[in-house]
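Q: Residue numbers for the sequence shown, in the working numbering: 53 to 635.
Built from N, CA and C at the ideal position, the CB exists for glycine as well.
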Amino acid sequence: MVEETNKSIMLFGEVASAGLARGPAFVCGCAKDVVVPRRTIDASEAIREMERFDVAISEAERELLELQEKVRQKVGKQEAEIFEVQILLLHDSSLREKVSALCLMQKMNVEAALDEAIDTLTSAFVRLEDPYFRERAADLRDVGKRLLDVLAKDQRSEVPIFPDGSVIVTPELLPSMIVQLDSQTIHGVIVEKGGQTAHATILARARQIPLLIHVPDATKTIRTGDPLIVDGLAGRVFIHPTPAIRREYDRLEADLQAHQTALKGLIDLPAVTRDGVSIKLYANIGKSADAVAAATLNADGVGLYRTEFVFLVQDHFPSEEEQYLMYRTTADRLKPREVVIRALDIGSDKLLSYFPLPREANPSLGCRGTRLLLAHPEILHAQLRAILRLSATHPVSILFPMIGGMEELRAAKAAIESVKASLAVEHESFNPRIPVGAMIETPAAAIMTGQLAQEVDFFSVGTNDLVQYLLTTDRTSSEVASYYEPLHPAMLQVLASVVAVANAKGKRISICGEIAGNPAYTQLLLGLGFRSLSVSPGEILEIKNAIRSTSMQQAEDVARRILESDTIQEIKACLRAANAPTQ
Ligand code: PEP
Ligand code: MG
């Protein structure tokens, strides 16, 4: 969508990494912009062409290993592992088979054959339903571009060199481009395609570079050198911003700066309400960079370690030892704070490339979470062994996802007991009283909180899934996005009841869904009875600020009024009034 604002042009996009950016545009192309020489070859040349292909593969692998090392040093070990995917794609037998068939049978030179093979394979990826695999198409294109560059030898274009201070505008942000991105020199990025879970997005977030994705026709509308303002808060780009718009953003930037500085002043202050009630503020983490951020921001610990990331960045199930080392690195960074490690939560929208699951008509209601782990005890046992071994030296706990009832929870606990027994036989140390928790993210678990409390040490409320199941609204669907409403009265009544039951049973309860990271909801959650919130590291200071700005009495008043409301509209009006600045 394009809109004219007094001669300045405005484009709209989706925020993938938040922040404000300004600078001249640097528009670049992708693999398709590489000039691909095309010619018909003699049958006798085919072997030589395939030899060139094999040499190019080795050279591209060398480059990728170099890039990987660069990312490892500049960003982090886990992020660097994304290049494993590209190295794997490089050696994929279907790529070589396709190129070879085109060279031998269609008499194509290797560049043309490679270009066609990459096209065929990426369009197969793009058609896949799972966004994780769809986004791997970008990796494959990146690999194709690299190979074409290697084959072009002397006139190799490499990844474009981004001028300092520019805003990159590109059809697709390829992982090899992002390694050049440094927030000191690159101010922002605008991408026509992109995805929230794309590797490049993950890296941009880790480097705190404002990134907008899904900005249609950005490379056609914007020219290199155009002055831009990227509003990575509202999801807008201004091309040739007018003086009035620039002034508006000068003000916003100054406000943001002042706000950020003020928030940094909260790092060492406690999360306590104005009337002295202490709140535990934990971090939700996935990758290693999050653990560093959580420690830097003085989180009370980790309330949710989504271990899916550990599995996602690999091309195979990480072994017990690999898992142990990764969990230990994270726990080391947070020590002596507690780290709640969630058992692998895959199925439905969270899939692993190397672990295809049977197709189901309704995968979100199918084999996922703890159910899936119980159906694959080898996966569960390896992970439990790694966590239990770590518990000997670090304060970690185990959290089971998607619990639907007592049977599942007891079976999961029995698995812990059996792993403890085998570790004991092997004289491996572990904490025999490692705390065990259940996610409350299914309506059944919410209703059964009282009974489940007999089996666990703590609960963690996952509102992201609880909203989807309670309101029968797919959390990933844009069609029904307007029905996905955490402020639905049914949802708030369920939250009130779950927290009351857990508190009455003396069980620790924390809330870790996205709702906990929104400062507009903090007062309500405290008023409902939550004393422990787990949020993304980037949200910790905002939430601490919200906690320190309210009193428990105000929070309880707001919650009482909201629980009496029958509609989402009334609830929103009530929250707006509660959050409005007082004069
Ligand atoms: C949730 O469902 O709220 C939750 C925290 O888990 P995830 O978002 O990882 O499914
Ligand atoms: Mg969940």
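1) Give me the pocket residues for ligand 2, defined as CB within less than 7 Å of any heavy atom, sorted by chain position.
2) By DSSP's criteria, R229 is part of a beta bridge. Which residues make up the other side?
3) Which two residues bound the contiguous alpha helix (DSSP H) that contains G421?
4) If you compare alpha carbons, which of T619, R612 and N555 is closest to A630?
5) Comparing the CB of R662 with every heavy atom of ligand 1, is any distance shorter than 7 Å?
6) So what does T222 bridge to, in DSSP terms?
7) Give the single residue among E374, I450, E459 and V282 whose Cα lies nearest to the Cα of I468.
8) Go ahead and pull the three-state DSSP assignment for A153.
9) Classify I331 as buried or exposed, calling it buried when 16 or more other Cβ atoms lie within 10 Å of its own Cβ.
10) Starting from the C-beta of T92, find all residues in its chain whose C-beta is less than 6 Å away, skip the five residues before and the five after it, and write them out in chain order.
11) Measuring from the CB of G565, is there a heavy atom of ligand 1 at a distance below 7 Å?
12) Between the alpha carbons of A476 and F511, how many angstroms are there, rounded?
13) Looking at C-alpha atoms only, which residue of V151, M157 and I595 is the closest neighbour of M102?
14) Measure the alpha-carbon distance for D206 versus R186 and round it to whole angstroms.
15) Under the rule that 16 or more other beta-carbon atoms within 10 Å means buried, what is N161, buried or exposed?
16) Classify V243: buried if its beta carbon has 16 or more other beta carbons within 10 angstroms, exposed otherwise.
17) Can you tell me whether DSSP reads V67 as helix, strand or coil?
18) By a C-beta neighbour count over all protein chains shown, 10 Å radius and 16 as the cutoff for buried, is S534 buried or exposed?
19) Evaluate the contact criterion for the stretch 130-137 versus the stretch 349-368: three or more CB pairs, one atom per stretch, below 8 Å.
20) Just mark E459 as buried or exposed, buried being the case when its beta carbon has 16 or more other beta carbons within 10 Å.
21) Less than 7 Å between C-beta atoms, sequence neighbours within five positions excluded: which residues of the same chain meet that for I595?
22) In angstroms, rounded to a whole number, what distance separates the CA positions of E210 and A498?
23) I'd like to check one pair, M454 with D397: are the Cβ atoms closer than 8 Å?
24) If you reduce the DSSP assignment to three classes, tell me which class F135 lands in.
25) Within the chosen definition, does the stretch 412-420 reach the stretch 347-355 through at least 3 CB pairs nearer than 8 Å?
26) Report whether the distance from the Cβ of R358 to the nearest heavy atom of ligand 1 is below 7 Å.
27) Between which residues of its own chain and G502 is the CB-CB distance below 7 Å, once the five residues before and five after are set aside?
A: Let me spell this out:
1) Those satisfying the condition are, in chain order, D397, P453, M454, M491, E493, G514, N516 and D517.
2) The sequence shown places Met at residue 229, rather than the Arg named in the question. None, per the DSSP bridge assignment.
3) For G421, the enclosing alpha helix (DSSP H) begins and ends at G421 to A427.
4) The shortest C-alpha separation from A630 is found at R612.
5) Residue numbering for the chain in the displayed model covers 53 to 635; residue 662 lies beyond these limits and cannot be assessed.
6) Its beta-bridge partners are V243.
7) The shortest Cα separation from I468 among E374, I450, E459 and V282 belongs to I450.
8) For A153, the three-state secondary structure derived from DSSP is helix.
9) Taking all protein chains in view, the Cβ of I331 is crowded by 16 or more other Cβ atoms within 10 Å, so the residue is classified as buried.
10) Answer for T92: K159, listed in chain order.
11) For ligand 1, at least one heavy atom lies less than 7 Å from the Cβ of G565.
12) Straight-line measurement puts the Cα of F511 at about 27 Å from the Cα of A476.
13) Measuring from the Cα of M102, the nearest candidate turns out to be V151.
14) No answer about D206 holds up, because its pLDDT of 45 lies below 50 and its placement is not dependable.
15) Flag for N161 reads buried.
16) With 16 or more other CB atoms across the displayed protein chains lying within 10 angstroms of its CB, V243 is buried.
17) Note: V67 maps to strand in three-state DSSP.
18) Residue environment: S534 is assigned as exposed (fewer than 16 neighbouring CB atoms within 10 Å of its CB, all protein chains considered).
19) Touching, yes, given that three or more Cβ pairs across the two stretches are closer than 8 Å.
20) Exposed, by the Cβ-count rule.
21) Its chain contains L333, G569, P571, T574, L585 and V587 as the residues whose beta carbon lies nearer than 7 Å to that of I595, once the 5 sequence neighbours on both sides are disregarded; these appear in chain order.
22) Bear in mind that a pLDDT of 44 at E210, under 50, signals an unreliable position, so the model cannot answer this.
23) Cβ atoms of D397 and M454: closer than 8 Å.
24) The answer is helix: DSSP assigns F135 an H, G or I state.
25) Flag = no, the stretch 412-420 and the stretch 347-355 do not touch.
26) When distances are taken from the beta-carbon of R358 to the heavy atoms of ligand 1, the shortest one is below 7 Å.
27) So the list reads V553 and K557, once near-sequence residues are dropped.
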